[in-house]
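**Q**
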Amino acid sequence: MVNFVGAGPGAEDLITVRGQKLIENADVIIYAGSLVNPALLQSAKENCRIYNSAYMTLEEVIAVMEEAEVKGQMTVRLHTGDPAIYGAIREQMDELEKREITYAVCPGVSSLFGAAASLRAEYTLPEVSQSVIITRAEGRTPVPEKEKLSELAGHQATMILFLSSGLSGKVKEELLEGGYAPDTPVAVVYKATWPEEKILYTTIEKLPEDMKREEIHKTALIVVGHVLGDTYAKSKLYDATFTTEFREASRK
Ligand code: SAH
């Protein structure tokens with residue numbers, strides 16, 4: 017059996033209880049060495065075999081899983097954040113299907129939420145934005161034409177950019193082209209929840225120069241939108257003049 021496990025954004029205590037138990041019981045762990053906190057491996061069994069997938073191809077990863085399966089062993093495939101976001105798990109799951117190896121997925125705290133906590137931000141504020149766009153700038157991995165940043169920019173919803181910290185010039189250009197005001201607030205969170213976390217508050221216009229000055233070019237999220245600003249409406253749920261399923265309005 018193979019368990020795909022979300023390791024969380026960085027801090028070793030931000031893995032789920034289920035994920036932690038799977039690590040403790042694994043015979044084999046294949047972890048994404050570039051972003052998974054190695055401290056998480058300390059709770060592995062003494063005889064657990066540990067592989068860093070940063071040095072492996074898809075074929076090599078599958079071969080390790082297959083070998084463990086033949087021996088009746090349990091493999092944990094440890095991915096950063098939540099495996100459903102840029103985790104490349106689908107291609108692994110499809111290979112396991114072909115080999116009739118059973119697998120399950122254990123969710124994790126995505127860095128997008130790690131970053132929100134670090135920013136003490138709420139991504140969905142009434143009358144500001146009620147949607148979150150999770151996307152990336154186009155780099156070596158192509159992005160479908162309809163999802164170009166300049167297209168998505170039209171919504172002006174809260175936007176979280178993964179895998180784009182080396183492309184800040186392009187991000188700026190496409191967001192402005194899509195209609196954002198140059199002074200729209202932006203936060204860059206480098207290594208959210210790790211001890212070396214760094215937060216940069218800037219604007220779309222100043223994004224490339226500020227990121228350059230702060231020397232942030234990898235392992236960062238770019239958060240764009242007015243939810244980072246000061247104006248919003250309060251929620252209806254806790255409004256004294258509003259009746260809900262659980263509470264009568266106390267004021268008119
Ligand atoms: N599945 C992961 C994302 C993997 S893609 C998740 O849910 O978070 C790798 C990208 O995620 C990085 O390039 C960076 O943009 C972002 N990332 C991962 N961990 C991060 C962290 N702790 N802080 C900021 N960005 C992070």
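Yeah, the sequence shown ends on 268 if you go by this note's numbering, and it's all consecutive. Cβ coordinates follow ideal geometry from the N, Cα and C atoms, glycine included.
Could you name the residues of the same chain whose beta carbon sits closer than 8 Å to that of Thr219, not counting the 5 residues immediately before and after it, in chain order?
**A** Counted from its first residue, the sequence shown places residue 219 at position 203. Excluding positions up to five away in sequence, the list reads Pro198, Asp199, Thr200, Pro201 and Val202.
**Q** For the ligand SAH, any of its heavy atoms closer than 7 Å to the Cβ of Tyr102?
**A** To locate residue 102, count along the sequence shown from 1; it is residue 86. Flag set: Cβ of Tyr102 near the ligand SAH.
**Q** Who are the near neighbours of Ala249 in its chain, counting only those whose CB is closer than 7 Å to its CB and skipping five residues on each side?
**A** On the sequence shown, position 233 is the one that residue 249 refers to. Excluding sequence neighbours, Ala249 sits near Pro142 and Glu143.
**Q** Can you determine whether any heavy atom of the ligand SAH sits closer than 7 Å to the C-beta of Ala203, and answer yes or no?
**A** In the sequence shown, the residue the question calls residue 203 occupies position 187. It does not: the Cβ of Ala203 is nowhere closer than 7 Å to a heavy atom of the ligand SAH.
**Q** Within a Cβ cutoff of 7 Å, which residues of the same chain sit near Tyr206, ignoring the five residues on either side of it in sequence?
**A** The residue given as residue 206 occupies position 190 in the sequence shown. For Tyr206, where only same-chain residues beyond five positions count, the Cβ hits under 7 Å are Glu213, Lys214, Ile232, Thr235 and Ala236.
**Q** Should Phe178 be counted as a contact of the ligand MN given a C-beta to heavy atom distance under 7 Å?
**A** For the ligand MN, the structure offers nothing, since it holds only the ligand SAH.
**Q** How many Å lie between Ser166 and Thr96 at the Cα?
**A** Along the sequence shown, one-based indexing puts residue 166 at 150. Along the sequence shown, one-based indexing puts residue 96 at 80. Going by the C-alpha atoms only, they are around 28 Å apart.
**Q** Should the stretch 70 to 78 be regarded as contacting the stretch 99 to 117, the criterion being three or more beta carbon pairs within less than 8 Å?
**A** Output reads yes: the stretch 99 to 117 touches the stretch 70 to 78.
**Q** Work out the CA separation of Pro211 and Ala173 for me, nearest whole Å.
**A** Locating residue 173 in the sequence shown gives position 157, where the first residue counts as 1. Locating residue 211 in the sequence shown gives position 195, where the first residue counts as 1. Going by the C-alpha atoms only, they are around 30 Å apart.
**Q** Between Ala55 and Val92, is the Cβ-Cβ spacing less than 8 Å?
**A** Within the sequence shown, residue 55 is the residue found at index 39, counting from 1. Within the sequence shown, residue 92 is the residue found at index 76, counting from 1. No, these two residues do not count as a Cβ contact at 8 Å.
**Q** Tell me the rounded alpha-carbon separation between Phe129 and Gln146.
**A** Your numbering for residue 129 matches position 113 in the sequence shown. Your numbering for residue 146 matches position 130 in the sequence shown. Roughly 16 Å separates the two Cα atoms.
**Q** Tell me the DSSP secondary structure of Gly130 in three-state form.
**A** Here residue 130 refers to the residue found at position 114 when the sequence shown is read from its first residue. Of the three classes helix, strand and coil, the one that applies to Gly130 here is helix, per DSSP.
**Q** With a threshold of 7 Å, establish whether the CB of His95 neighbours any heavy atom of the ligand SAH.
**A** The residue you call residue 95 lines up with position 79 of the sequence shown. Checking every heavy atom of the ligand SAH against the Cβ of His95, one is found closer than 7 Å.
**Q** Residues in the same chain with beta-carbon distance under 6 Å from Glu111, minus the five sequence neighbours each way, listed in chain order, please.
**A** In the sequence shown, counting from the first residue as 1, residue 111 sits at position 95. The answer, listed in chain order, is Ile78.
**Q** Could you tell me whether any non-hydrogen atom of the ligand SAH is closer than 7 Å to the CB of Leu237?
**A** Along the sequence shown, one-based indexing puts residue 237 at 221. It does: the Cβ of Leu237 is within 7 Å (strictly closer) of some heavy atom of the ligand SAH.
**Q** Tell me the residue span of the alpha helix (DSSP H) that contains Leu216.
**A** One-based indexing of the sequence shown puts residue 216 at position 200. It is not in any alpha helix (DSSP H) - Leu216 instead sits in the beta strand (DSSP E) that spans Lys214 to Thr219.
**Q** By Cβ distance below 6 Å, which residues in the same chain neighbour Ala70 in space, the five residues on each side in sequence not counted?
**A** As a first step, residue 70 is located in the sequence shown; it is residue number 54 there, counting from the start. Excluding residues within five positions, the ones whose Cβ falls inside 6 Å are Gly49 and Ser50.
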